[in-house]
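A quick write-up on the structure given underneath.
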Amino acid sequence: MAATRIVIDTDPGVDDAVAILLALASPEVEVLALTSVAGNVDVDQTTRNARRLLDLAGRPDVPVARGAAGPLVVAATYEDGHVHGHDGLGDLTWEDPATPESPEHAVDLIARLAREAPLTIVAIAPLTNVALLRARHPGIESRIERLVIMGGASFAGNVTAAAEFNVWFDPEAAASVLSGPWPITLMPLDLTHQAWLTDADLAYFAGLGTEVGTRVAGMLEPYASYHERWYGNRDVIMHDATAVYELVVPGAIATRGAHLAVETAGTLTRGMTVIDRRAAHAERPTRVGEHLDRLAFATLVRERLARYPLAG
Ligand code: RIB
Ligand code: CA
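Quick note on numbering: this note's numbering labels position 176 of the sequence shown as 307, and the sequence is numbered without any gaps.
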């Protein structure tokens, strides 16, 4: 079966890092480019981190194209660097990235690739770039095979009680993207909170004796401390990797049709996703992830990350 052509729109971010490394080690997907956007850290840093991760993966051939430096309408205020480290990748020591930055804007690169052949966008960051794609390239939706998005939550957020970070950071962008005329599979916190890695998994990565294993274990350490503070345990939730897992192991994540909307005006609820799973929506092309098996997920992540260094 031909590999699925994908672009990963990302704000690395330590869980972005695991998602990107998982994708690059998985023949089921062909990573055509990484596009960066402001989110976990500013767009200068997310762009630099995307380049660093391609150096780490031994894939300097993959283009990195810079995208939006902030949300469409209102710049969200949030404490920078407390979740993913101040550099966004766990504050490890990194060489200056060798992988070049593309001169093309992220949105134009995505549009160009989509016009060449069917393209899947794996969106694991605020949706500013994807909303700009719609605005700058009207009708491009018909060239997008599917959007697999990590974002939103049905019941409890992770930035506020109501809002998940990627949607909260740019609610107007999320509202545009989630209402667009294209197939969407959304991985909300309800799903991603089933996809955690344990200290045993981190010890496994460290025990690989590889640069990837050592750095993944290292960058997840501050993330484990964040989880201990907020959730009372060190299990690290791999939000973004669930979007890649959906493409690498089709069917492993149970999904159902739903109507998706985003609150952009609420005082307490701005950035909340309103997910309507009632039966009337069962056949919609917009679907939400409902369930996955954690052990199967963690086993796949271990097996794929153990493949590094990849054969040349
Ligand atoms: O809410 C989880 C999302 O926010 C993930 O994409 C993570 O990287 C953070 O940006
Ligand atoms: Ca992310």
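The beta-carbon is built from N, C-alpha and C at its ideal position, and this holds for glycine as well.
Going by C-alpha to C-alpha distance, which of the options sits closest to residue i?
{"i": "arginine 425", "options": "Leu322, Gly311, His390", "result": "Leu322"}
{"i": "glycine 270", "options": "Val172, Pro312, Arg277", "result": "Pro312"}
{"i": "glycine 344", "options": "Leu333, Val204, Arg365, Tyr354", "result": "Leu333"}
{"i": "glutamate 434", "options": "Leu155, Met132, Val145, Leu220", "result": "Leu155"}
{"i": "valine 455", "options": "Gly216, Ser167, Glu247", "result": "Residue 455 is absent from the structure shown; the chain starts at 132 and stops at 443."}
{"i": "alanine 392", "options": "Ile137, Ala199, Leu244, Ser285", "result": "Ser285"}
{"i": "alanine 256", "options": "Ala385, Val419, Ala245, Glu295", "result": "Glu295"}
{"i": "arginine 182", "options": "Glu159, Ile151, His268", "result": "Ile151"}
{"i": "alanine 262", "options": "Arg360, Ala188, Pro302", "result": "Pro302"}
{"i": "alanine 229", "options": "Ala207, Val204, Leu187, Ala237", "result": "Leu187"}
{"i": "leucine 431", "options": "Met132, Ile137, Val138, Glu159", "result": "Glu159"}
{"i": "valine 205", "options": "Leu436, Glu342, Val298", "result": "Val298"}
{"i": "methionine 369", "options": "Gly216, Val195, Leu351, Trp361", "result": "Leu351"}
{"i": "alanine 385", "options": "Trp361, His422, His412", "result": "His422"}
{"i": "alanine 199", "options": "Ala207, Gly189, Val238", "result": "Val238"}
{"i": "serine 157", "options": "Asp222, Val380, Pro202, Gly349", "result": "Val380"}
{"i": "arginine 265", "options": "Arg246, Gly283, Val367, Ala242", "result": "Ala242"}
{"i": "glycine 201", "options": "Ala148, Asn364, Ala169, Leu240", "result": "Ala169"}
{"i": "proline 353", "options": "Ala248, Leu240, Asp222", "result": "Asp222"}
{"i": "arginine 415", "options": "Ala437, Arg387, Leu436", "result": "Arg387"}
{"i": "valine 133", "options": "Ala248, Arg438, Leu240, Gly338", "result": "A quick correction: the sequence has alanine, not valine, at residue 133. Taking only the C-alpha atoms, the option nearest alanine 133 is Ala248."}
{"i": "valine 367", "options": "Val290, Ala196, Gln325", "result": "Gln325"}
{"i": "arginine 438", "options": "Gly189, Asn180, Gly216, Arg179", "result": "Gly189"}
{"i": "threonine 178", "options": "Asp147, Leu153, Ala207", "result": "Asp147"}
{"i": "tryptophan 361", "options": "Thr291, Ala196, Ala306, Leu240", "result": "Thr291"}
{"i": "alanine 293", "options": "Tyr357, Gly402, Ala337, Gly338", "result": "Gly402"}
{"i": "glutamate 272", "options": "Arg246, Ala287, Asn289, Ala348", "result": "Arg246"}
Do residue i and ligand 2 come close, with the Cβ less than 7 Å from some heavy atom?
{"i": "aspartate 218", "result": "no"}
{"i": "aspartate 142", "result": "yes"}
{"i": "glycine 388", "result": "no"}
{"i": "aspartate 371", "result": "yes"}
{"i": "alanine 326", "result": "no"}
{"i": "alanine 256", "result": "yes"}
{"i": "asparagine 364", "result": "no"}
{"i": "asparagine 289", "result": "no"}
{"i": "asparagine 171", "result": "yes"}
With a threshold of 7 Å, establish whether the CB of residue i neighbours any heavy atom of ligand 1.
{"i": "aspartate 147", "result": "yes"}
{"i": "phenylalanine 428", "result": "no"}
{"i": "histidine 350", "result": "Per the sequence shown, the amino acid found at residue 350 is methionine instead of histidine. No, Cβ of methionine 350 sits at least 7 Å from all heavy atoms of ligand 1."}
{"i": "methionine 281", "result": "yes"}
{"i": "glutamate 377", "result": "no"}
{"i": "phenylalanine 286", "result": "no"}
{"i": "asparagine 297", "result": "yes"}
If I follow the unbroken beta strand (DSSP E) through residue i, where does it start and stop?
{"i": "glycine 388", "result": "385–388"}
{"i": "aspartate 366", "result": "Looking at the DSSP string, aspartate 366 is not in any beta strand (DSSP E), and its letter there is neither H nor E."}
{"i": "alanine 164", "result": "160–167"}
{"i": "aspartate 371", "result": "Run containing aspartate 371: none; DSSP gives neither H nor E here."}
{"i": "threonine 135", "result": "135–141"}
{"i": "aspartate 407", "result": "404–407"}
Pull up the CB-CB distance for residue i and residue j, whole angstroms please, since I reckon it's below 8 Å.
{"i": "threonine 135", "j": "glutamate 161", "result": "7 Å"}
{"i": "alanine 389", "j": "aspartate 407", "result": "6 Å"}
{"i": "isoleucine 315", "j": "threonine 404", "result": "Wrong, their Cβ atoms sit about 12 Å apart, outside the cutoff."}
{"i": "leucine 163", "j": "leucine 258", "result": "That pair is no contact at about 19 Å."}
{"i": "leucine 250", "j": "arginine 274", "result": "7 Å"}
{"i": "leucine 220", "j": "valine 145", "result": "6 Å"}
{"i": "proline 143", "j": "leucine 184", "result": "6 Å"}
{"i": "threonine 341", "j": "proline 440", "result": "7 Å"}
{"i": "alanine 427", "j": "alanine 383", "result": "6 Å"}
{"i": "valine 419", "j": "proline 319", "result": "6 Å"}
{"i": "isoleucine 139", "j": "leucine 165", "result": "5 Å"}
{"i": "alanine 347", "j": "valine 149", "result": "Per the sequence shown, residue 347 should be read as valine rather than alanine. Indeed, because the Cβ distance is near 6 Å, the residues count as touching under 8 Å."}
{"i": "glycine 283", "j": "leucine 317", "result": "6 Å"}
Could you give the residue range of the alpha helix (DSSP H) that holds residue i?
{"i": "glutamate 434", "result": "425–436"}
{"i": "alanine 334", "result": "330–338"}
{"i": "isoleucine 315", "result": "Looking at the DSSP string, isoleucine 315 is not in any alpha helix (DSSP H); the run it does join, the beta strand (DSSP E), is 315–318."}
{"i": "arginine 267", "result": "259–267"}
{"i": "leucine 278", "result": "Careful: leucine 278 lies outside any alpha helix (DSSP H), inside the beta strand (DSSP E) at 275–281."}
{"i": "threonine 251", "result": "No alpha helix (DSSP H) contains threonine 251, which is instead part of the beta strand (DSSP E) from 250–254."}
{"i": "alanine 306", "result": "302–309"}
{"i": "glutamate 247", "result": "237–247"}
Inter-stretch contact (C-beta, 8 Å, three-pair minimum) for the stretch 225–235 and the stretch 326–335: Taking one beta carbon from each stretch, the stretch 225–235 and the stretch 326–335 have fewer than 3 pairs nearer than 8 Å; the two do not touch.
Meets three-Cβ-pair contact criterion under 8 Å: the stretch 391–398 and the stretch 161–177: Touching, no.
At least three beta-carbon pairs within less than 8 Å, the stretch 370–388 to the stretch 271–287: With the cut-off at 8 Å, the stretch 370–388 and the stretch 271–287 touch.
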